[in-house]
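Numbering (the numbering used here), first residue to last: 121 to 210.
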């Protein structure tokens with residue numbers, strides 16, 4: 121083999137390895153985004169139940185703020201997952 125073919129083979133192997141690492145990172149990032157959203161919504165639920173136990177008369181306001189905050193957390197998590205999937209498939 122000539123030096124040029126050895127360099128080409130090395131470059132192709134490196135490109136394949138880099139793509140594999142990028143796909144692994146995208147999968148890990150999507151999983152972390154989903155886990156983070158689950159933890160965040162759990163904390164939101166815990167806080168709202170504790171607030172309802174302290175002041176039951178504010179149930180409507182607490183429910184509204186809880187749902188709004190959970191929607192924002194889901195939106196950020198969905199954005200993170202979409203970005204990871206774009207990295208995975210592009």
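Each residue gets a CB set at the ideal place from its N, CA and C atoms; glycine is no exception.
Does the separation of the CB atoms of residue i and residue j fall below 8 angstroms?
| i | j | result |
| --- | --- | --- |
| residue 197 | residue 154 | yes |
| residue 157 | residue 194 | yes |
| residue 186 | residue 159 | no |
| residue 149 | residue 200 | yes |
Note down, in chain order, each residue of its chain lying with its Cβ closer than 8 angstroms to the Cβ of residue i, except the 5 sequence neighbours on either side.
| i | result |
| --- | --- |
| residue 183 | 168 |
| residue 147 | 204, 208 |
Under DSSP, the alpha helix (DSSP H) around residue i begins and ends at which residues?
| i | result |
| --- | --- |
| residue 181 | 179-209 |
Grab me the residues of residue i's own chain with a C-beta within less than 7 angstroms of its C-beta, minus the 5 sequence neighbours each way, in chain order.
| i | result |
| --- | --- |
| residue 179 | 172 |
Note to self: For the region 199-209 against the region 141-155, do three or more pairs of beta-carbon atoms, one drawn from each stretch, fall closer than 8 angstroms, so that the two count as touching?
What the structure shows: yes
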